[in-house]
Amino acid sequence: MSEQSGQEPGERTANHIAHNARVWDYWLGGKDHYEVDEQVGDQVTSRYPSIGEVARADRAFLGRAVTHLTGRAGIRQYLDIGTGLPTAENTHEVAQRIAPESRVVYVDNDPIVLTHARVLLTSTDEGATSYVDADARDPAAILRAASGTLDLGRPVAVMMLGILNFILDTAEATSIVRHLVDAVPSGSHLVLTHPTLELGGEGNEAAMRFWNENATPPITARGRAEIEGFLDGLHILEPGLVSCARWRTDGVDEGPLVAQFGVVARKP
5 MSEQSGQEPG
15 ERTANHIAHN
25 ARVWDYWLGG
35 KDHYEVDEQV
45 GDQVTSRYPS
55 IGEVARADRA
65 FLGRAVTHLT
75 GRAGIRQYLD
85 IGTGLPTAEN
95 THEVAQRIAP
105 ESRVVYVDND
115 PIVLTHARVL
125 LTSTDEGATS
135 YVDADARDPA
145 AILRAASGTL
155 DLGRPVAVMM
165 LGILNFILDT
175 AEATSIVRHL
185 VDAVPSGSHL
195 VLTHPTLELG
205 GEGNEAAMRF
215 WNENATPPIT
225 ARGRAEIEGF
235 LDGLHILEPG
245 LVSCARWRTD
255 GVDEGPLVAQ
265 FGVVARKP
């Protein structure tokens, strides 16, 4: 079953300005982007050559996290905020392969993302997917819309991969996380990735400056202490807050270390 929630996206596509979802698609080898996205993506890569590895590592982390949560932790509900353009191994595909009854709500406010999601992200008959047109800065609206598909009285995995870095004010980002985590019960999980300058990545800072001058939305990196602040009161699963390329890989196909933290934490 697949559903749509929220208002229609409307005319909000700015195809003359590079946008994160489309540039990320370009770095992942997708086709849903414009020439301006390729140009900015290439300029970022020239400053930060490992950005493509970051994008791939982030996507692989999602797969491992959802596999663990569905297969080992018994999670059957996912709230995926900042979905991005559909690619291989999306949240519902990983979850429903293990547990076909899994229910997934995707949240984004980019009209291209929502259009593609509604066409491509289809559910199993046993489970459900729905798509919410909402801003990450409005967790109350997200939760209201998600409650049509998810039972918020049962454990939910709140997925925030590469989204808090677009909330530039750390206090605001922390408040958003708190609102979401407070709304779900014990046994729920928070899954997040976030760029950092603490794990190396030659050219990372210069690439971010270029991005903020030439693309949208603006981005920020955060250090370990700031990201740990998002996790206050939660039980952080092993191996802790690490490069997303090193989270539960079992030593297989780890790939290069990337300057992107990844973490999964459980609400006691």
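This note's numbering numbers the first residue of the sequence shown as 5 and each following residue consecutively.
We put the beta carbon where it would ideally sit given N, CA and C, even for glycine.
As the structure is a computational prediction, the values presented were derived from the model and not from experiment.
Local conformation of residue i per DSSP, three classes
i: proline 189; result: coil
i: isoleucine 85; result: strand
i: threonine 17; result: Only weak support is given to the placement of threonine 17: the predicted model assigns it a pLDDT of 49, under 50, and the value that follows is read from those uncertain coordinates. Threonine 17: coil per DSSP, three-state reduction.
i: glycine 266; result: strand
i: histidine 37; result: coil
i: leucine 235; result: coil
i: serine 54; result: coil
i: valine 162; result: strand
i: alanine 59; result: helix
i: alanine 22; result: strand
i: isoleucine 240; result: strand
Test: residue i CB closer than 8 Å to a CB of chain B
i: leucine 118; result: This model lacks chain B altogether; it includes just one protein chain.
Neighbourhood of residue i by C-beta distance below 7 Å, restricted to the same chain and skipping five residues each side
i: isoleucine 167; result: Ile85, Gly86, Ala140
i: proline 104; result: Thr128, Glu130, Gly131
i: alanine 150; result: Leu83, Val109, Val136
i: leucine 73; result: Ile79, Ala161, His193
Rounded straight-line distance, which links the Cα of residue j to that of residue i
i: valine 267; j: proline 260; result: 17 Å
i: glutamate 126; j: glycine 157; result: One point to set straight first is that residue 126 is threonine, not glutamate, in the sequence displayed. Distance between the alpha carbons of threonine 126 and glycine 157: 25 Å.
i: leucine 184; j: alanine 138; result: 14 Å
i: alanine 61; j: alanine 25; result: 16 Å
i: glycine 255; j: valine 262; result: 15 Å
i: threonine 220; j: glutamate 242; result: 34 Å
i: glycine 152; j: glycine 204; result: 42 Å
i: histidine 96; j: threonine 133; result: 7 Å
i: threonine 253; j: leucine 66; result: 12 Å
i: glutamate 42; j: valine 27; result: 7 Å
i: leucine 32; j: valine 123; result: 20 Å
i: threonine 17; j: valine 48; result: In this prediction, threonine 17 scores a pLDDT of 49, lower than 50, which makes its location untrustworthy; no coordinate-derived value is stated.
i: alanine 175; j: glutamate 217; result: 24 Å
i: methionine 212; j: arginine 182; result: 27 Å
i: phenylalanine 170; j: glutamate 39; result: 23 Å
i: alanine 229; j: serine 247; result: 14 Å
i: alanine 64; j: methionine 164; result: 14 Å
Cutoff 8 Å; reference residue i; Cβ partners in own chain excluding five residues on either side
i: leucine 235; result: Leu194, Leu245, Val267, Ala269
i: alanine 210; result: Arg51, Tyr52
i: alanine 187; result: Pro143, Leu147, Leu156
Cβ pair residue i, residue j closer than 8 Å
i: arginine 68; j: tryptophan 251; result: yes
i: glycine 233; j: threonine 197; result: no
i: histidine 37; j: aspartate 29; result: yes
i: isoleucine 239; j: proline 272; result: In the sequence as presented, isoleucine is not what sits at residue 239; that position holds histidine. Yes, the pair counts as a contact, with Cβ atoms nearer than the cut-off.
i: phenylalanine 302; j: isoleucine 223; result: It is not possible to answer for residue 302, since the shown part of the chain is limited to 5 through 272.
i: glycine 34; j: threonine 91; result: yes
i: glutamate 202; j: glycine 227; result: yes
i: valine 275; j: valine 98; result: The shown model of the chain, from 5 to 272, leaves out residue 275, and the question about it has no answer.
task = Jot down the residue ranges of each uninterrupted alpha helix (DSSP H) in the segment 167–219, minimum 4 residues, whole runs only, in chain order.
result = Entirely contained in the segment 167–219, the alpha helix (DSSP H) runs reaching 4 residues are, in chain order, 174–186, 208–218.
ask   = Unbroken beta strand (DSSP E) runs of length 3 or more, entirely within the segment 107–141: which are they?
value = 107–112, 132–137
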